[in-house]
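Residue numbers (our numbering): 1 to 418. We put the beta carbon where it would ideally sit given N, CA and C, even for glycine. Comments concern the structure below.
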C-alpha cells in the first residue's frame with residue numbers, strides 16, 4: 001500500500017492582467033513539478049489574473065479572461081495526471097470571490113472561496129471580494145459554457161468550504177490571511193483527518209516577515225501534525241509592494257523544503273517526498289486521546305486518484321532542514337533591488353536616473369541599484385535566459401552579455417549632480 005507522496009509548491013512572478021504570460025509561467029511550473037514526480041501542484045493566490053488587478057477586478061473581462069486561461073490549462077497535456085491548484089477570481093450568485101480551483105485530467109474537482117480576507121496595511125481585499133462566511137457549507141456552481149465544453153461537466157461542481165479526499169489521503173485549503181487568523185481552518189481540518197494543508201498567498205515583503213511565516217507554519221503542523229505547502233507570489237506585479245516568495249514545505253513542525261526569498265527568476269518550484277505514516281504516527285502520539293472532531297465534519301469531495309504509488313518502499317523522503325534567514329541588512333539590500341528590476345523591465349525604459357547629492361537617501365538608492373546588478377549577473381551566469389533577454393532589451397543590445405556588476409551598472413544607471 002502506497003504511503004509516500006511527492007508534492008510541489010511554487011513562487012511565480014505573475015503580472016496583473018498579463019493573462020498570456022501568467023498562463024505560460026503556470027504551465028512551466030506544472031511541467032517542472034511533474035518532472036520531479038509530483039502528483040499535486042500548488043500555485044500562488046490569484047495567479048491566473050495576477051493579485052494586483054485592483055479595480056480591474058470589477059470588470060467582467062477580468063473574470064472572462066481568467067476562465068479562458070483556465071480552459072487552456074484544462075486542455076493542455078502538461079496538466080494531465082497531476083492535481084493542479086490554481087487561483088483566480090470567480091463570481092457566484094453575482095458576488096465576486098477570491099478562489100482556488102482544483103482540477104485533474106480536464107475535470108474541475110472543487111472551487112474553494114477565500115473565507116477570511118486581508119484588509120489591513122496595504123491590503124484592500126474587501127473592496128473587490130466578499131468572504132465566504134458559510135462554514136463547512138457547499139453550494140452548486142454552474143460552470144461557464146466554455147468550461148463545460150472542455151470538461152463535459154454539464155451539471156454543477158462543488159463551491160464552498162470543502163476538502164479533497166483522494167484514495168490515500170485528504171487535502172485541505174487555506175488562502176493567505178487564513179493562516180494568520182486565530183480561527184485558522186487547518187485547526188478544525190486536522191481534527192477531521194485532513195493530512196495535507198495548502199496555503200496560496202500573495203504576501204508582500206516586510207522586514208523580518210519571513211520569520212513570522214515560518215513560525216506560523218511550524219506551529220500549525222506541530223500542534224496537530226500534517227504536511228503544509230506554502231506558495232507565494234514573487235516580484236512587483238504593478239503595485240508599490242514586493243512579494244518575496246519563500247515557498248516552503250513542512251511536516252509535523254519541521255521545514256523540509258525552502259524556496260528563495262529574493263530572486264529575479266520568474267518561476268521557482270520546490271518539491272518534497274514525504275511519508276503519510278509520519279503524520280499518522282505523530283498525531284497518534286501527540287494529539288489528546290479525548291479530543292473529538294467537530295460535530296459538523298468537513299464536506300469531502302472524493303476523487304479516484306492517489307498521490308502515492310503502490311511500490312514506494314525504497315523511495316527516499318525529505319529530511320528537516322534549518323531555515324536560512326537573511327539578515328536585516330541583506331533584506332534591505334535585496335528586496336528593493338528585486339522590486340526595481342521588475343519596475344524597470346515593465347516600464348520599457350532604458351535604465352535609472354538618480355540625482356546624486358551625496359546624502360544618505362541618494363547614496364542608498366545607488367547601492368540598491370548595484371545590488372540589483374549583482375543579482376542580474378549571477379542569474380545570467382546560472383543560465384537564466386529570461387533575465388538575459390530582459391537585460392538585452394533594456395540596454396538595447398541583442399548581443400550583450402553582462403559579466404561584471406560594475407559594467408552592467410554603467411549601462412543602466414546614470415547619475416547627475418545636484
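Item	Value
Exposure label - residue 129; buried when at least 16 CB within 10 Å	buried
Of the listed residues 297, 156, 32, nearest to residue 135 (C-alpha basis)	297
Sufficient close CB pairs (3 or more, under 8 Å) joining the stretch 327-338 to the stretch 21-29	no
For residue 354 and residue 76, the rounded distance between their alpha carbons	46 Å
Close Cβ partners of residue 400 (< 6 Å) along its chain, the five nearest in sequence each way excluded	392
C-beta contact flag for residue 232 and residue 201 at 8 Å	yes
Environment of residue 172 [buried if 16+ CB atoms lie within 10 Å]	buried
Straight-line Cα distance separating residue 87 from residue 46	4 Å
Option in 81, 54, 19 with minimal Cα separation from residue 7	81
Given 8 Å, three or more beta-carbon pairs between the stretch 34-45 and the stretch 339-346	no
Contacts around residue 222, its chain only, beta-carbon distance under 7 Å, and the 5 residues preceding and following it disregarded	252, 253
Where residue 100 sits in the DSSP three-state scheme	strand
Residue 91 - containing beta strand (DSSP E), residue span	83-92
Close beta carbons around residue 32, own chain, < 6 Å, minus the five adjacent residues each side	269
Spatial distance of residue 204 from residue 306 (CA atoms)	34 Å
Local conformation of residue 284 per DSSP, three classes	helix
DSSP three-state assignment for residue 402, whether helix, strand or coil	coil
The ligand MG heavy atom lying under 7 Å from the CB of residue 69	You won't find the ligand MG in this model; it holds no ligand whatsoever.
Which listed residue (302, 37, 182) has its alpha carbon closest to that of residue 166	302
Segment limits, beta strand (DSSP E) that includes residue 301	299-302
Simplified DSSP state of residue 382, which is helix, strand or coil	coil
Selection from 192, 162, 169, 197 that minimises the alpha carbon distance to residue 179	197
Collapsed DSSP secondary structure at residue 166 in the structure displayed	coil
Among 158, 396, 229, the one whose alpha carbon lies nearest that of residue 256	229
Runs of alpha helix (DSSP H) wholly within the stretch 133-158 (minimum 4 residues, chain order)	145-151
Endpoints, beta strand (DSSP E) assigned at residue 248	248-251
Endpoints, alpha helix (DSSP H) assigned at residue 331	328-347
Selected residue, minimal CA-CA separation from residue 285, among 54, 21, 224	224
Local conformation of residue 370 per DSSP, three classes	helix
Inter-stretch contact (C-beta, 8 Å, three-pair minimum) for the stretch 260-267 and the stretch 144-159	no
Expected contact under 8 Å - CB spacing of residue 206 and residue 226 to nearest Å	The Cβ separation is near 27 Å, so there is no contact.
Per-residue burial, residue 390 [other beta carbons within 10 Å of its own, 16 or more giving buried]	buried
Spatial neighbours of residue 387 in its chain, beta-carbon cut-off 7 Å, leaving aside the 5 residues before and after	264, 376, 379, 380
Under 8 Å between C-beta atoms of residue 235 and residue 13	yes
Per-residue DSSP class, three states only, for residue 215	helix
Which listed residue (141, 72, 369) has its alpha carbon closest to that of residue 150	72
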